[in-house]
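For reference, the structure is listed below as structure tokens.
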Amino acid sequence: MNGFFAIVAPTGTPPEVIAQLNGAIDRYLGGPDVEERLLTLGLSTDGGGTPESTAQAIRKEQGQWRAFGRELNVEPQ
Numbered sequence: 001m002n003g004f005f006a007i008v009a010p011t012g013t014p015p016e017v018i019a020q021l022n023g024a025i026d027r028y029l030g031g032p033d034v035e036e037r038l039l040t041l042g043l044s045t046d047g048g049g050t051p052e053s054t055a056q057a058i059r060k061e062q063g064q065w066r067a068f069g070r071e072l073n074v075e076p077q
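When we follow the numbering used here, the leftmost residue of the sequence shown carries the number 1, and every step to the right adds one.
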């Protein structure tokens, strides 16, 4: 099973703040020490992505888990 971690900001956060945070996170994840440490934990990263790609990934996951819940007749709480 694949998974992902995401850092999100509140609705209404200015785009320039989102861009600055995204760039800093992407640079951090691309650092050799971080990549090496993640690999020792059995993890990998494609970097920070973009705010748009993160939103798309979250929507995709939501859809898949909703479908799985319906298949198992799990009612939303």
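Here a beta-carbon is modelled for each residue, glycine too, at the ideal position from N, C-alpha and C.
Which residues in the same chain as residue i place their Cβ atom closer than 8 Å to its Cβ, once the five residues preceding and following it in sequence are excluded?
{"i": "Thr40", "result": "none"}
Please report the residue range of the alpha helix (DSSP H) in which residue i lies.
{"i": "Ile25", "result": "15-29"}
{"i": "Thr40", "result": "32-40"}
{"i": "Glu61", "result": "51-71"}
Leaving out five residues on either side along the sequence, give the residues of the same chain with a beta carbon under 7 Å from the beta carbon of residue i.
{"i": "Ile18", "result": "Ala9, Pro51"}
For this session: Spell out a yes or no on whether the stretch 45-60 and the stretch 3-10 are touching, meaning 3 or more CB-CB pairs, one atom from each, closer than 8 Å.
Result: Contact between the stretch 45-60 and the stretch 3-10 is present, with at least three C-beta pairs closer than 8 Å.
Problem set entry | the stretch 63-73 contacting the stretch 41-51, beta-carbon criterion three pairs below 8 Å | The stretch 63-73, when compared against the stretch 41-51, does not touch it at the 8 Å Cβ threshold.
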